[in-house]
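Chains as they are written, first to last, in this note's numbering: chain A, 1 to 365; chain B, 366 to 730; chain C, 731 to 1095.
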Amino acid sequence: MDINLSEFLNLSEAEQAQYARGKSILFAQQFTREDLDFHCRLANASRFIHARDEGADFMSQLLRNKVCLNFFIQPSSRTFLSFNTAQTYLGMKRMSVRDLKISSVSKGESLADSIRTFISYVDLVVMRHPDEHAGAASFWVSEKAHRRIKVGGEEVAIPIISGGSGTKQHPTQALLDIYTLEDAFKNVGGIDGKTLMLVGDLKRGRTVRSLSYLMKNYQDVKLLFAAPDKYQMGEDICEFLDQHGIQYAKIESIEKGLAEADGIYMTRIQDEWDDLAPTSGHVKANENFIFKEAFLDKMKPHCCLMHPLPKRDEIEESIDYVDDPRVYYWRQERNGMWMRVAIIAELFKVADQIIDKAIEMGFKG
Amino acid sequence: MDINLSEFLNLSEAEQAQYARGKSILFAQQFTREDLDFHCRLANASRFIHARDEGADFMSQLLRNKVCLNFFIQPSSRTFLSFNTAQTYLGMKRMSVRDLKISSVSKGESLADSIRTFISYVDLVVMRHPDEHAGAASFWVSEKAHRRIKVGGEEVAIPIISGGSGTKQHPTQALLDIYTLEDAFKNVGGIDGKTLMLVGDLKRGRTVRSLSYLMKNYQDVKLLFAAPDKYQMGEDICEFLDQHGIQYAKIESIEKGLAEADGIYMTRIQDEWDDLAPTSGHVKANENFIFKEAFLDKMKPHCCLMHPLPKRDEIEESIDYVDDPRVYYWRQERNGMWMRVAIIAELFKVADQIIDKAIEMGFKG
Amino acid sequence: MDINLSEFLNLSEAEQAQYARGKSILFAQQFTREDLDFHCRLANASRFIHARDEGADFMSQLLRNKVCLNFFIQPSSRTFLSFNTAQTYLGMKRMSVRDLKISSVSKGESLADSIRTFISYVDLVVMRHPDEHAGAASFWVSEKAHRRIKVGGEEVAIPIISGGSGTKQHPTQALLDIYTLEDAFKNVGGIDGKTLMLVGDLKRGRTVRSLSYLMKNYQDVKLLFAAPDKYQMGEDICEFLDQHGIQYAKIESIEKGLAEADGIYMTRIQDEWDDLAPTSGHVKANENFIFKEAFLDKMKPHCCLMHPLPKRDEIEESIDYVDDPRVYYWRQERNGMWMRVAIIAELFKVADQIIDKAIEMGFKG
């Protein structure tokens, strides 16, 4: 990597993704269709073997001598806990830094130096950071630093996994969404040819942005963007879709897309990024973009209702108590944990061992 | 459980306890005499086998593939650390959420959704929460949710253990107090027939409330409530004692009860619940309800001096340095860790394995 | 220990160190030359065996049934993470308390009672505390408390390790600095006979103070104190050096010492202790005490550039990207983790097992 930090940060995400591929997880764009399919299979194999003590014991030996750090300085329950669970399933030892006030940043340390410190001790850094360049910068710092660890016979820099970086990227969420869609569509031909309706704060929702990028890997997909004007999908994503010949349409309510959608992806108004947000409460969802219980009757039989969570009022509360297999968001959440097992296993080159063990134990996937 | 959340929360604690029995730990009332005796024996067996590496290794295999979450959003050192130690002795992998500011609650998530998220990843939730209904609500949410884990051959909902809920209940503290009393009275016939003096803030002390409830399981127990009028035991507890024919008396100083008491249970003024508390300091203990070193001479030979801790000035500091086996509160604290091992082991149906191993290793209890 | 707490705290550090020797780690002064040499060898042996799974597995069995608490209530990344990594390498189970607001101190508990609570549950307490007497007081409390654990066949009180106490002591940092110097000078005869330049905030830098104390263990060492007048080394240290016949000189810039120094130890202005610090930023380093990239050309060929980190502007940023083996501070940081493995292993009497295993695996050190 003969390039300095500011040069690296000035590259496009696609170019940065080329550097990161196989080494760190920074962008949804770094995954090919083959990567995505393999990670879904690996997540299924991991889930399969973990269901019995024999498999869980096997899995917990794979990375037993590896230490990881979860460096999360933005609020997170789900991503933080699911990474922790995934790491412990793989036998990793875990540490966390969640508050800059109790770290050396309070003594004036730079992010680059903090990362150098972390990678002096640990073998993996998972990070959530408000700065959209934090993940890429940390990757660059790790590649330039001296410490190397052995992974699959090779000496590699300490891997960085982005658990959400600014408003732009949340690549592991995008992978778990793909995994959930593949699972929901497993009897109707997978994601190819499907229509997905994305609803809510598309402008600032990094999950819907990352998911849109990944659609380039699938055939004949159509996206419906259901959002109030002020929260509509950004022009950069629309241009990306145009370039890749992916159909999309902007629509003014959930109801307009209900009949057509094979999958519905709800999102919350991300008012934590909103300088204009009322300080004494949260922005209410717009009536046209609230998913009502009555809509379930109008959804296709195989349509899945997803949400990256946390949710607020954009899904009617009664739906939490409906016994309908198309209400997918809680399963989607646990899927995230399995996808994170897959991502870490692949980075540390133990994926094949998991697949082999699964087949030995009877896995057909 | 064909009952919705608000219906469930409107049930009496005794009725809620019926639902929770064997599944989650919410109330001191859910334990019978038989339960209490068994848990004491199990705690003793756990302590016995853990003293040697052979037993500690055995114990750490029992729940090695289980993950737990300690969700403590009120200050706690003792309960938090003792649960953590108990979990690690049993081989569980641990995670914690201690601050709502770094969780998704800051993005407007409801408690029900937070619990649904937690139980998507983990196999046990231990929680301390300021809302007195938080434990019961979380139990209800877990029973209604989809995820089930296998415990002793059965599919069960994720168990919830209350580590203190509002001002009312702290059931694991009550169990450890019973365990400590049984230990202190092991040569004088156990708890039956004894007189316990409860001292201090009886009104808001959840430990003394929970302990009072448990007295219904013992024969001929008498309670002495030593407290200033404003902190005297609540009418609900007095009515409960009347219904169960348990004797009690309200007294105006520690000294009045010293000659009669077989056990003395001190408590701290719980001024963290007190809107009138001076912001610049803590409420001082009333002179009549401070345990003085001189009182040790007037205590019965088998009388134990207990305190749930943390303490302040209600016990004279010099007593920390007295070498008197009747000063029981530090041992009571470690007893709590062993009782929590027993509670978790019983919930996860590995209690018999511990008892069997203990007998194999020479346990006579 | 027939001495009460205030008597103990009134002893000199040297006298306190006599009590702590072999039991707890409170002061740099408690180590003899033999101790230091042994710990360096042990750190090397630990690093050697951990490089292969066979050795890492061996090491992680040594303290597998021991639980430790990291009680750090001042900001720390490096010391905290390196202790955690060291503990997990040795197989210890870890807990942490990092914020008094979520502990029982918020309910008025004394430090002595907090320590009594911690040692009821855990087998080792590592602590960083703003009070310079906190470590010594905790050691005294642990020695006086009832709980004992078995270590190497003996019953011992729970050990306390200081991870930094007030402005005075940071003994494990001093040991890792010694380890780093020995490593840097391994081909030029070790520390004996060398000249070390200490630069920056010598007045409040506990690392340079602790390091100065340790120099009494080496022959013919000379110290150069390069600092602005207001940050010059304290008179107590100068007197100590005089008593032990160790040469030192105060100099007015880094450049004045460059030709003579075998090792250069940079430090940061510790403005977190400074009541006069501007609240809106950090104090800038004085121009004469900033290490410039150009100085590398004037350093001796074997001279090492060290820093306890975190750093700010006292080292020119470009040096982070220079490929010069004399730039030692990132390796120094990871050395700290190995030295902490050694310190804990020695306290728990498993040092010989590590050395024996290392020799079996081919260690020549």
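Where a beta carbon is used, it is the ideal one built from N, C-alpha and C, also for glycine.
Have a look at B/Ser577, B/Trp505, B/Val692 and B/Ile480 and flag the residue whose alpha-carbon is nearest the alpha-carbon of B/Leu376.
As a first step, residue 376 of chain B is located in the second sequence; it is residue number 11 there, counting from the start. Looking at the Cα atoms, B/Trp505 is the closest of the given residues.
Of all Cβ atoms in chain B, is any one closer than 8 Å to the Cβ of A/Met92?
Here the question's residue 92 of chain A lines up with position 92 in the first sequence. It does not; no Cβ of chain B falls within 8 Å.
Please identify, using Cβ separations under 8 Å, the residues of the segment 843-859 of chain C that lie next to chain B, in order along the chain.
Asp843, Ser844, Arg846, Thr847, Phe848, Ser850, Tyr851 and Val852
Under a three-way DSSP split, which group does B/Lys551 fall into?
Locating residue 551 of chain B in the second sequence gives position 186, where the first residue counts as 1. Correct three-state label for B/Lys551: coil.
Would DSSP call A/Met337 helix, strand or coil?
Against the first sequence, residue 337 of chain A aligns to sequence position 337. In the structure shown, A/Met337 adopts helical secondary structure according to DSSP, grouped into three states.
Can B/Glu681 and B/Phe654 be called in contact, C-beta distance under 8 Å?
Taking the first residue of the second sequence as 1, we reach residue 681 of chain B at position 316. Taking the first residue of the second sequence as 1, we reach residue 654 of chain B at position 289. Result no, Cβ atoms of B/Glu681 and B/Phe654 do not sit closer than 8 Å.
Only counting the same chain, and skipping five residues up and downstream in sequence, which positions put a Cβ closer than 6 Å to that of B/Tyr583?
Counting from one through the second sequence, the residue named residue 583 of chain B turns up at place 218. Excluding residues within five positions, the ones whose Cβ falls inside 6 Å are Ile556 and Asp557.
Using a Cβ-Cβ cutoff of 9 Å, what residues of the segment 565-598 of chain B are near chain C? List them in chain order.
none
At a Cβ threshold of 8 Å, is C/Ala876 touching chain B?
One-based indexing of the third sequence puts residue 876 of chain C at position 146. In the sequence as displayed, the identity of residue 876 of chain C is His instead of Ala. It does; some Cβ of chain B falls within 8 Å.
Could I get the ranges of all uninterrupted alpha helix (DSSP H) runs contained in the segment 7-87 of chain A, with 4 residues as the minimum, in chain order?
13-20, 33-50 and 53-62
Buried or exposed: which applies to A/Gln247, given that a residue is buried once 16 or more other Cβ atoms fall within 10 Å of its Cβ?
By 1-based counting over the first sequence, the position of residue 247 of chain A is 247. Exposed.
Tell me, please, whether the CB atom of C/Arg1042 is closer than 8 Å to any CB atom in chain A?
Your numbering for residue 1042 of chain C matches position 312 in the third sequence. By this cut-off, C/Arg1042 is an interface position.
Please tell me whether A/Ser82 has its Cβ less than 8 Å away from any Cβ of chain C.
What you label residue 82 of chain A is simply residue 82 of the first sequence in a count that begins at 1. It does not; no Cβ of chain C falls within 8 Å.
Any Cβ of chain A within less than 8 Å of the Cβ of B/Glu474?
Here residue 474 of chain B refers to the residue found at position 109 when the second sequence is read from its first residue. The beta carbon of B/Glu474 falls within 8 Å of a beta carbon belonging to chain A, placing the residue at that interface.
Can you check which of these residues, C/Arg936, C/Glu985, C/Glu990 and C/Lys986, is closest to C/Asp966 by C-alpha distance?
As a position in the third sequence, residue 966 of chain C is number 236, starting the count at 1. The candidate whose alpha carbon is nearest that of C/Asp966 is C/Arg936.
Taking 8 Å as the CB-CB limit, is B/Ser442 close to chain C?
As a working note, residue 442 of chain B is residue 77 in the second sequence. True, the Cβ-Cβ gap to chain C drops below 8 Å.
Show which residues of chain B have a CB atom less than 8 Å away from the CB atom of C/Lys831.
Your numbering for residue 831 of chain C matches position 101 in the third sequence. Pro440, listed in chain order.
If we define contact as Cβ-Cβ less than 8 Å, is C/Met1069 a contact residue for chain A?
Reading the third sequence from its first residue, position 339 is the one you call residue 1069 of chain C. For C/Met1069, the answer is no, since every Cβ of chain A falls outside 8 Å of its Cβ.
Out of A/Ile359, A/Ala285, A/Val350 and A/Ile343, point me to the one whose CA is closest to A/Ala86's CA.
Here residue 86 of chain A corresponds to residue number 86 of the first sequence, with the count starting at 1. Of A/Ile359, A/Ala285, A/Val350 and A/Ile343, the residue nearest in Cα terms is A/Ile343.
Once DSSP output is grouped into helix, strand and coil, what is the label at C/Glu839?
As a position in the third sequence, residue 839 of chain C is number 109, starting the count at 1. In the displayed model, C/Glu839 falls within coil according to three-state DSSP, outside both helix and strand.
Can you pull the chain B residues whose beta carbon is under 7 Å from the beta carbon of C/Met825, in chain order?
Reading the third sequence from its first residue, position 95 is the one you call residue 825 of chain C. Within 7 Å Cβ-Cβ: Leu446 and Asn449.
Compute the distance between the beta-carbons of C/Ile994 and C/Val1013, then report whether it is under 8 Å.
The residue you call residue 994 of chain C lines up with position 264 of the third sequence. The residue you call residue 1013 of chain C lines up with position 283 of the third sequence. It is not a contact, given that the beta carbons lie outside the stated cut-off.
Taking the alpha-carbon positions, what's the B/Glu597 to C/Ala866 distance?
To locate residue 597 of chain B, count along the second sequence from 1; it is residue 232. To locate residue 866 of chain C, count along the third sequence from 1; it is residue 136. A small fix is needed here, since residue 597 of chain B is Gln in this sequence, not Glu. C-alpha separation (whole angstroms): 41 Å.
For C/Thr847, does the three-state DSSP call read helix, strand or coil?
For the purposes of this step, residue 847 of chain C is identified with residue 117 of the third sequence, where counting begins at 1. In this structure, C/Thr847 counts as helix in the three-state DSSP scheme.
Count the other CB atoms, across all protein chains shown, that sit within 10 Å of the CB of A/Gly362; report buried if there are 16 or more and exposed otherwise.
By one-based count along the first sequence, residue 362 of chain A stands at place 362. Exposed: under 16 other Cβ atoms inside 10 Å.
In the structure shown, what three-state DSSP assignment does C/Ser895 receive?
Position 165 of the third sequence, counting from 1, holds the residue named residue 895 of chain C. If DSSP states are grouped into helix, strand and coil, C/Ser895 belongs with the strands.
If we ignore side chains and look at the alpha-carbon of each, how far apart do B/Ala416 and B/Asn409 end up?
Here the question's residue 416 of chain B lines up with position 51 in the second sequence. Here the question's residue 409 of chain B lines up with position 44 in the second sequence. Distance between the alpha carbons of B/Ala416 and B/Asn409: 11 Å.
For the putative contact between B/Pro524 and B/Leu712, defined by C-beta atoms under 8 Å, what is the C-beta separation to the nearest angstrom?
The residue labelled residue 524 of chain B in the question sits at position 159 within the second sequence. The residue labelled residue 712 of chain B in the question sits at position 347 within the second sequence. That pair is a contact at about 5 Å.
Please classify C/Leu854: does DSSP put it in a helix, a strand, or coil?
Within the third sequence, residue 854 of chain C is the residue found at index 124, counting from 1. Residue state, collapsed to three classes: strand.
Look at the Cβ atom of B/Leu589, then the Cβ atom of B/Ala614, and state whether they are nearer than 8 Å.
In the second sequence, the residue the question calls residue 589 of chain B occupies position 224. In the second sequence, the residue the question calls residue 614 of chain B occupies position 249. Result yes, Cβ atoms of B/Leu589 and B/Ala614 sit closer than 8 Å.
Quick one: does A/Asp53 have its CB under 8 Å from some CB of chain B?
Walking along the first sequence from the start, residue 53 of chain A turns up at place 53. Taking 8 Å as the threshold, the shortest C-beta distance from A/Asp53 to chain B falls below it.
Tell me the DSSP secondary structure of C/Arg824 in three-state form.
Position 94 of the third sequence, counted from the start, is the residue given in the question as residue 824 of chain C. Reduced to three states, the DSSP call for C/Arg824 is strand.
Comparing C-alpha positions only, which one of C/Lys823, C/Ser844, C/Met822 and C/Gly821 sits nearest to C/Leu830?
Along the third sequence, one-based indexing puts residue 830 of chain C at 100. Closest by alpha carbon: C/Ser844.
For B/Ile390, I'd like the list of residues in its chain whose CB is within less than 8 Å of its CB, leaving aside the five on either flank, ordered along the chain.
For the purposes of this step, residue 390 of chain B is taken as the residue at position 25 of the second sequence. The answer, listed in chain order, is Pro524, Ile525, Ile526, Ser527, Pro536, Thr537, Ile708 and Leu712.
Between the Cα of B/Arg398 and those of B/Asp496, B/Glu547 and B/Lys515, spot the shortest distance and give me the residue it belongs to.
For the purposes of this step, residue 398 of chain B is taken as the residue at position 33 of the second sequence. The option with the nearest alpha carbon to B/Arg398 is B/Glu547.
Going along the chain, which residues of its own chain have a beta-carbon closer than 6 Å to the beta-carbon of C/Ile981, five neighbours each way excluded?
If you number the third sequence from 1, residue 981 of chain C lands on position 251. Closer than 6 Å at Cβ, skipping near neighbours: Leu954, Ala956 and Gly987.
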